[in-house]
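Data block below; observations after.
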Amino acid sequence: MNIDFTKMTALELAKKIQSGEIKVRQAVDAVYESIDKFDSTYNCYISTCKEKAYKKADEVQARIDSGNIVSALAGVPVSVKDNICTKGIKTTAASKMLENFNPIYNATVVDRMENADMIIVGKLNLDEFAMGNTTETSIFGATNNPWDTSRVPGGSSGGSAVSVAVGEAVISLGSDTGGSISQPCSFCGVTGLKPTYGSVSRHGLIACASSLDQIGPIAKDVVDCAALFEIISGKDVKDGTSMETPKFDYSKILDGDAKGKKIGIPSELLGENIDPQIKEAIQNTAKEFEKLGATVEEFSLPIVKYSVPAYYVIASAEASSNLSRYDGVKFGYSTPNATDLQDLYIKSRSEGFGMEVKRRLLLGNLVLSKDYYESYYEKALQTKRLVQQDLLKALEKYDMLLAPVAPTTAYKKDEALSSPLDMYMGSFCTVMVNLAGLPAVSVPCGFDNNNLPIGMQLIGKPFDETSIMQVAHIFQKTTDFIKTPELIQGVAK
Amino acid sequence: MNYELTLGLEVHTELSTKTKIFCNCTTEFGGEQNTHVCEGCLGMPGTLPVLNKSVVDYAIKTGLATNCSITQFNKFDRKNYFYPDLPKAYQISQLYFPICQNGFVEVNTDDGNTKRVRIKEIHMEEDAGKLIHDPWEDCTLVDYNRGAVPLLEIVSEPDLSSAQEAIEYLEKLRAILQYVGVSDCKMQEGSFRADINLSVRPVGQKELGVRTEMKNMNSFKAIARAIESESKRQIELIEEGKTVLQETRRWDDNKGKSFAMRSKENAQDYKYFPDPDLPPIEISDKQIEDIRKSLPELPEQKKLRYVTQLGLPEYDTGIITNSVHLVALFEKTAELCGNPKEAANWIMVELMKLLNDSATLPEDMSFDDTSLAKIINLLAENKITRDTAKKVFAKVFEDDVDPEQYIKDNNLAVMTDNTLIKSTIEKVVADNQKSVDEYKGGKTQALQYLIGQSMRALRGQAPAQEVTKILKELLD
Chain A
62 MNIDFTKMTA LELAKKIQSG EIKVRQAVDA VYESIDKFDS TYNCYISTCK EKAYKKADEV
122 QARIDSGNIV SALAGVPVSV KDNICTKGIK TTAASKMLEN FNPIYNATVV DRMENADMII
182 VGKLNLDEFA MGNTTETSIF GATNNPWDTS RVPGGSSGGS AVSVAVGEAV ISLGSDTGGS
242 ISQPCSFCGV TGLKPTYGSV SRHGLIACAS SLDQIGPIAK DVVDCAALFE IISGKDVKDG
302 TSMETPKFDY SKILDGDAKG KKIGIPSELL GENIDPQIKE AIQNTAKEFE KLGATVEEFS
362 LPIVKYSVPA YYVIASAEAS SNLSRYDGVK FGYSTPNATD LQDLYIKSRS EGFGMEVKRR
422 LLLGNLVLSK DYYESYYEKA LQTKRLVQQD LLKALEKYDM LLAPVAPTTA YKKDEALSSP
482 LDMYMGSFCT VMVNLAGLPA VSVPCGFDNN NLPIGMQLIG KPFDETSIMQ VAHIFQKTTD
542 FIKTPELIQG VAK
Chain B
0 MNYELTLGLE VHTELSTKTK IFCNCTTEFG GEQNTHVCEG CLGMPGTLPV LNKSVVDYAI
60 KTGLATNCSI TQFNKFDRKN YFYPDLPKAY QISQLYFPIC QNGFVEVNTD DGNTKRVRIK
120 EIHMEEDAGK LIHDPWEDCT LVDYNRGAVP LLEIVSEPDL SSAQEAIEYL EKLRAILQYV
180 GVSDCKMQEG SFRADINLSV RPVGQKELGV RTEMKNMNSF KAIARAIESE SKRQIELIEE
240 GKTVLQETRR WDDNKGKSFA MRSKENAQDY KYFPDPDLPP IEISDKQIED IRKSLPELPE
300 QKKLRYVTQL GLPEYDTGII TNSVHLVALF EKTAELCGNP KEAANWIMVE LMKLLNDSAT
360 LPEDMSFDDT SLAKIINLLA ENKITRDTAK KVFAKVFEDD VDPEQYIKDN NLAVMTDNTL
420 IKSTIEKVVA DNQKSVDEYK GGKTQALQYL IGQSMRALRG QAPAQEVTKI LKELLD
């Protein structure tokens with residue numbers, strides 16, 4: 062049977078598997094065939110784990126055959142961003158530092174997916190240690206945009222977004238620290254959920270910035286994202302920051318309504334630093350919501366302009382501390398040329414980390430140092446509180462916020478890295494979501510003149526993923542922006 | 000010129016919770032290297048700390064027992080520095096909101112008065128692993144078993160002014176920690192260790208001198224020596240017109256000297272910041288009150304009760320109440336023999352002698368806690384002589400024998416057969432005609448000699464009064 066994942070959602074596949082129309086092994090075969098065909102063009106995967114995948118597939122098949130269907134996505138292959146630990150499968154964070162790191166434990170989300178009878182098929186490319194928004198800083202090479210391979214796919218969950226866009230994955234997991242799920246979804250024309258901070262366990266997620274990181278699903282549509290979010294979310298005793306919340310139920314997404322919803326658009330996110338074509342797409346989206354019975358209005362959220370500097374100060378500070386453990390002593394890369402302890406530290410870290418990681422470690426160390434702590438780190442924390450406060454206030458007035466995901470569509474490769482400040486400003490529309498710990502769903506809402514996808518995001522109240530996904534689902538039902546790029550086979554990386 | 004000494008101590012004590020502070024590994028001391036570890040306490044990528052709540056309870060107990068106020072909004076902070084014994088390259092500690100603040104401990108001063116040593120703060124943190132140098136291979140190995148064992152750091156104000164006071168304070172603090180049961184305080188296992196902050200200044204000078212710090216001292220004797228030596232060194236520098244540098248020094252107890260480690264200029268910037276992995280801990284009034292109610296009688300209260308209710312001498316109670324192990328033995332013995340004074344006496348005289356002679360610490364005593372009471376009872380019933388009692392107790396102390404069985408096996412009970420005693424003494428009199436003559440000639444010391452000879456012949460098991468009485472009858 063010819064299975065084309067560009068034309069089938071995870072839930073559609075699940076139904077076919079659970080009804081016996083497609084065998085689990087066939088679904089896994091289809092993923093690997095697609096990887097064989099297209100990954101030399103797009104470079105989504107860092108590694109695959111065929112042996113484990115087929116073993117699990119047979120176990121799951123046996124359960125399904127005996128009528129035991131443990132979850133809505135039972136039997137569905139899933140691909141995982143390579144900063145999420147998988148027991149016995151190399152987890153590299155796309156860094157030389159962890160090139161050969163083989164975890165002895167699963168991330169909680171991986172355990173939960175396996176318990177839901179999903180099949181882990183491979184590990185996806187990302188920016189080194191999830192620092193970046195282009196998926197160019199991986200030591201395994203850049204991932205390419207499915208709509209124009211000379212462009213970046215966004216990042217840091219670039220591999221996760223592209224694999225879904227080109228059908229090398231049915232559904233995938235990404236992680237988001239400052240837009241790392243939303244922005245690549247926007248650049249690649251797929252759908253992703255950045256959940257509320259605390260709703261998905263971070264245990265086993267290789268930390269970038271602990272107070273901002275959150276794992277979330279990337280898929281073709283909102284319903285798929287919701288189905289996977291139901292499986293991975295919920296309190297975990299292994300993560301003290303995960304929260305006790307009512308069980309999320311994906312089926313509720315299907316029967317939502319936009320009627321009577323009040324949606325606010327922060328006017329600062331429709332300002333002059335946003336590409337006019339993106340502005341137009343957002344305004345069209347607003348009109349669509351109005352047609353569906355919602356009221357949409359612009360409002361001012363002045364604090365937004367401070368969110369990028371606050372974000373980079375906090376994210377870098379936390380990362381600098383989180384990444385200190387990679388010192389060449391216990392695990393990860395260790396220089397073979399050390400003369401003494403100090404030299405071991407310096408060389409292992411200098412040789413093991415890439416440029417963008419080093420830039421952030423330096424920045425993080427600076428803002429935490431005695432002389433700058435107050436003027437940078439503490440100020441950034443205050444700003445974070447203000448951003449959170451103002452966004453929550455806005456969410457008292459509005460049911461949800463609508464905004465672009467990125468100021469531009471996908472840019473040419475190497476452009477961003479040569480100008481880090483511009484790259485950081487590219488996170489303008491997303492970092493406030495992470496600073497405030499809010500949920501956001503990123504949904505395709507148009508194409509620009511270069512036929513590159515444009516994404517919009519709906520930002521919701523804490524732990525109310527349901528509302529934003531309901532409205533996003535209605536939007537996807539009534540519009541037609543989920544498209545498949547023209548796939549290119551077998552181009553050298 | 001006369002100088003005075005200003006001392007502050009930072010005590011690190013390992014808590015005796017079953018599991019580590021942020022994972023479920025055992026806190027047991029020792030064990031094969033790197034077997035009490037998991038991915039969490041090794042700081043492997045993606046792992047997260049999850050607070051062991053009993054550490055908070057232990058900290059509150061300690062704070063209440065040292066008269067501290069409890070911080071009800073707590074946070075953990077990261078102290079960042081690179082060292083191979085620190086797996087994450089940061090230590091999770093508390094800088095901004097320590098759990099206990101503004102307490103005090105009362106100690107006896109050199110002049111016999113009491114003094115309040117203020118406690119600035121007590122905070123929770125994790126211990127580091129241990130580096131072991133292998134001289135054979137010339138390499139250093141790391142054992143992470145101790146890593147992430149919960150610690151309390153107890154920081155005093157600089158209220159101490161002599162080595163003796165410092166030791167008093169440490170002994171008192173250790174007793175409190177042992178009483179409330181938060182730590183075994185075994186110095187030789189590193190579960191109770193101190194950093195010394197010390198400065199000197201001429202008597203009368205208002206501002207404090209420049210201080211130095213000596214870290215990780217783990218014996219009272221070494222601490223006393225280090226304080227003496229360091230204050231002498233600082234005074235000499237001042238006398239020579241040189242300046243004392245603010246620095247961290249390492250005390251080498253074998254050499255009896257301290258060595259400069261790093262100066263203030265080279266002091267590390269630990270880049271403290273709130274740990275984002277650990278949500279704040281809020282402590283309710285109820286939790287504090289429940290713990291307060293559960294606190295056992297503390298050394299000061301016990302001391303007072305022993306003096307006023309049991310009529311024990313103050314000096315004795317001070318010694319006994321300073322050790323939770325002596326208290327346990329005392330209370331058990333007093334209860335079983337019904338004579339607290341006699342129990343205290345045995346502990347103060349015989350037990351102290353045995354401990355000193357064998358260089359044993361009270362915590363390492365290993366005999367059955369009912370044995371001393373058994374001996375005291377046998378003595379009170381005149382079933383053994385005092386001399387025998389001491390010998391049996393020495394044997395109990397050494398080998399944990401059962402006193403009654405030991406007395407029986409070795410035939411040490413007092414002789415009750417008066418005819419046997421008499422015939423033995425008659426034989427002694429017959430064999431020592433010279434002494435008998437001397438006695439009759441008026442030399443009273445000769446009687447002592449004859450008593451001694453008789454006791455010896457009776458192997459010390461006859462009541463001395465009885466022997467004297469019979470002997471006198473025979474001679475007079």
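Chains A and B supply the protein sequences, listed in that same order.
Be aware that the first sequence starts at 62, since it is given in this note's numbering, and climbs by one per residue.
Be aware that the second sequence starts at 0, since it is given in this note's numbering, and climbs by one per residue.
Think of the CB as a built atom: it goes at the ideal place given N, C-alpha and C, for glycine as much as any other residue.
Quiz prompt | Local conformation of L14 (chain B) per DSSP, three classes | solution = coil
Quiz item: Does any C-beta atom of chain B lie closer than 8 Å to the C-beta of V390 (chain A)?
Solution: yes
Exercise. Show which residues of chain A have a CB atom less than 7 Å away from the CB atom of P86 (chain B).
Key: R386, K391
Quiz prompt | Cβ-based neighbour list, S434 (chain B), same chain, cut-off 7 Å, excluding 5 preceding and 5 following | solution = A445, Y448, L449
Quiz item: So L33 (chain A) and A501 (chain A) are in contact, right, with Cβ under 8 Å, and what is the actual spacing, rounded?
Solution: Look at the range of chain A in this structure, 62 to 554, and you will see that residue 33 (chain A) is not part of it.
Quiz item: CA-CA distance, K404 (chain B) and I374 (chain B)?
Solution: Lys is not the amino acid found at residue 404 (chain B); the sequence shown has Gln there. Those two C-alpha atoms are separated by around 11 Å.
Quiz item: Considering only residues of the same chain and omitting the five flanking positions on each side of K302 (chain B), which have a CB-CB separation below 7 Å?
Solution: T316, G317, T320
Exercise. Name, please, each residue of chain A whose Cβ falls closer than 9 Å to the Cβ of N79 (chain B).
Key: S381, S382, S385, N426, L429
Exercise. Using a cut-off of 8 Å between C-beta atoms, extract the partners of M260 (chain B) located in chain A.
Key: Here the premise fails: no neighbours, minimum Cβ distance about 15 Å.
Self-check item: Min CB distance K554 (chain A) to chain B below 8 Å
Solution: Low confidence applies here, because K554 (chain A) scores a pLDDT of 44, under 50, leaving its location unreliable; read the following figure in that light. For K554 (chain A), the answer is no, since every Cβ of chain B falls outside 8 Å of its Cβ.
Practice problem: Let me know the secondary structure DSSP gives Q464 (chain B) once reduced to three states. | Solution: helix
Quiz item: What residue does the alpha helix (DSSP H) around D356 (chain B) start on, and which one ends it?
Solution: 351-356
Quiz item: Near R115 (chain B), what residues of its chain come up, given a Cβ to Cβ distance below 6 Å and the 5 sequence neighbours on each side ignored?
Solution: F103, E105
Self-check item: Limits of the unbroken beta strand (DSSP E) element including Y106 (chain A)
Solution: 106-109
Quiz item: Quick one: complete beta strand (DSSP E) runs, 3+ long, within the region 214-266 of chain B?
Solution: 246-251, 256-262
Practice problem: Verify the CB distance criterion: does L4 (chain B) have a CB-CB separation below 8 Å to chain A? | Solution: no
Practice problem: Compare the C-alpha of L10 (chain B) against each of B:Y269, B:I153, B:V55 and name the closest. | Solution: Before going on, a small fix: residue 10 (chain B) reads as Val here, not Leu. Out of B:Y269, B:I153, B:V55, B:I153 has the C-alpha closest to the C-alpha of V10 (chain B).
Quiz item: For E189 (chain A) versus A222 (chain A), is the C-beta spacing smaller than 8 Å?
Solution: no
Quiz item: Residues in its own chain within less than 8 Å of Q340 (chain A) by CB, not counting five upstream and five downstream?
Solution: It should be noted that the sequence gives Lys, not Gln, for residue 340 (chain A). Once the five neighbours on either side are set aside, the close Cβ partners of K340 (chain A) are L331, P465.
Quiz prompt | Pairwise C-alpha distance: I290 (chain B) and D56 (chain B) | solution = 8 Å
Self-check item: chain A within 8 Å of K17 (chain B), Cβ atoms only
Solution: no
Self-check item: H11 (chain B) Cβ short of 7 Å to the ligand PLP heavy atom set
Solution: The model depicted lacks the ligand PLP and carries no ligand whatsoever.
Exercise. For the region 287-302 of chain A and the region 255-265 of chain A, state whether three or more C-beta atom pairs, one from each stretch, are separated by less than 8 Å.
Key: yes
Exercise. Starting from M123 (chain B), trace the beta strand (DSSP E) both ways and give me its first and last residue.
Key: 113-125
Quiz item: Between I267 (chain A) and chain B, is there a C-beta pair that is closer than 8 Å?
Solution: yes
Quiz item: If you draw a straight line from the alpha carbon of R420 (chain A) to that of A533 (chain A), how long is it in whole angstroms?
Solution: 37 Å
Practice problem: Return yes when the Cβ of L14 (chain B) is within less than 8 Å of the Cβ of D84 (chain B), no when it is not. | Solution: no
Quiz item: Exposed or buried, M69 (chain A), counting other C-beta atoms within 10 Å across all chains shown (16 or more means buried)?
Solution: buried
Quiz item: Listing by chain order, which chain B residues have their CB less than 7 Å from the CB of A168 (chain A)?
Solution: G45
Quiz item: Would a C-beta distance cut-off of 8 Å place N196 (chain B) and L6 (chain B) closer than the cut-off?
Solution: yes
Quiz item: Does the pairing of the region 210-230 of chain B with the region 157-171 of chain B give three or more beta-carbon distances under 8 Å?
Solution: yes
Quiz prompt | Which listed residue (B:L63, B:D408, B:L150) has its alpha carbon closest to that of E288 (chain B) | solution = B:L63
Quiz item: Using a C-beta cutoff of 8 Å, does S271 (chain A) count as contacting chain B?
Solution: yes
Exercise. Name, in chain order, the residues that DSSP records as bridge partners for T539 (chain A).
Key: The partner list for T539 (chain A) (beta bridge, DSSP) is empty, contrary to what the question assumes.
Quiz prompt | Segment contact flag, the region 161-177 of chain A with the region 207-215 of chain A, C-beta cutoff 8 Å, min 3 pairs | solution = no
Quiz item: Is it right to say G240 (chain B) is buried, meaning 16 or more other beta carbons lie within 10 angstroms of its own, or is it exposed?
Solution: exposed
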